[in-house]
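Note sheet for the following structure.
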Ligand code: BJW
Ligand code: ZN
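Here it is as structure tokens:
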């Protein structure tokens, strides 16, 4: 399975692209860059603190829950998510690959130490307890490499899958978007679940258009 921001939209988490991808007149995708952080770490932290505050108050929805049910039924199940909100883990999914990181983890830009911190507000310039270096969110920004181990496991899962549901992603960000094509090329049946058609709809075996919270539970009904 491959999920994107659309699966969390009905939980109240804004997506990246489209009308709700705006924060204080900044495009969310412009702030998710190493360049933005280098130029103005306080602005980028303000954006992530806002998201921490928001995501800390919401919970998983029927689509996240349906994927938990599916994992209980399917012997080899891997959930590849581009989302950093942690809602799949909160719902109870087990084999989750968070290929773009996790909003609740921070990483020191000096010593590289990673730690979990669920504080909804990290302040304007949070620093590492060990070395005093500036902390950053442990997420993958544009132009940064994905964790090679996680990506390798995601590619392998795509290649051996028989069915891949591609839920709530605009399918424009690489290398995540290519995982569905990888699965398809290796013989899987692929189905897109999205509010609207995407650039990948044409290569899908099934394209189901509507809300993830309504469609995904119906797909896993016995
Ligand atoms: C609903 C719904 C409902 C709404 N029900 N549906 C090859 C070709 C071209 C470019 C590249 C390439 N390889 C690499 C690149 C560059 C770049 C890239 O892909 N750019 C493209 C935009 C062109 N990729 C990278 O830089 C990646 N790194 C990399 O490849 O490293 C190697 C390298 C290094 C240097 C140079 C080149 C290569 C890293 C990408 C990291 C992405 N990071 C972000 C931020 C994460 C942290 C954070 O969250 O703060 O990840 S950006 C943002 O986009 C976030 C998301 O995970 C990601 C994908 O977005 P997603 O999930 O698809 O959300 P939306 O908003 O786009 O779509 C929501 C969808 O849901 C819509 O379709 C709605 O219709 C739908 N929806 N409500 C169902 N209720
Ligand atoms: Zn440090």
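In the numbering used here, the protein residues as written are 40 to 261. Ideal Cβ placement from N, Cα and C applies to all residues, glycine included.
Could you spell out the range, first to last residue, of the alpha helix (DSSP H) harbouring residue 171? Note, residue 171: premise wrong, no alpha helix (DSSP H); not H, not E.
Starting from the Cα of residue 262, find the closest Cα among 184, 130, 87, 255 and give me that residue. Because the chain is modelled from 40 through 261, residue 262 falls outside the range shown and cannot be assessed.
Beta-carbon separation of residue 223 and residue 176 under 9 Å? no
Environment of residue 239 [buried if 16+ CB atoms lie within 10 Å]: buried
In whole angstroms, what is the alpha-carbon distance linking residue 95 and residue 50? 11 Å
For residue 180, which residues from the same chain have a beta carbon less than 6 Å from its beta carbon, with the 5 sequence-adjacent residues on both sides left out? 71, 72, 73
So, using beta-carbon positions, are residue 76 and residue 209 closer together than 9 Å? no
Could you tell me the alpha carbon to alpha carbon distance between residue 259 and residue 89, rounded to whole angstroms? 34 Å
So within the segment 64-145, which uninterrupted alpha helix (DSSP H) runs reach at least 4 residues, ignoring any that extend past its ends? 67-70, 73-78, 80-96, 101-112, 126-130
Quick one, what's near ligand 2 if you take every residue whose CB is closer than 6 Å to any heavy atom, in chain order? 147, 149, 150, 152, 167, 169, 170, 172
Measure how close the beta-carbons of residue 40 and residue 203 come, nearest whole angstrom, since I'm counting them as under 8 Å. 6 Å
With a threshold of 8 Å, establish whether the CB of residue 89 neighbours any heavy atom of ligand 1. no
Residue from 194, 146, 64 whose Cα sits closest to the Cα of residue 216: 194
Consider the C-beta atom of residue 180 and the heavy atoms of ligand 1; say whether any pair is separated by less than 8 Å. yes
Going by C-alpha to C-alpha distance, which of 113, 174, 128, 151 sits closest to residue 83? 174
CB of residue 132 to nearest heavy atom of ligand 1: below 8 Å? no
By how many angstroms is the C-alpha of residue 102 removed from the C-alpha of residue 253? 7 Å
Under the criterion of a Cβ to heavy atom distance below 8 Å, does residue 63 qualify as lining ligand 1? no
What are the boundary residues of the beta strand (DSSP E) that residue 204 is part of? 202-206
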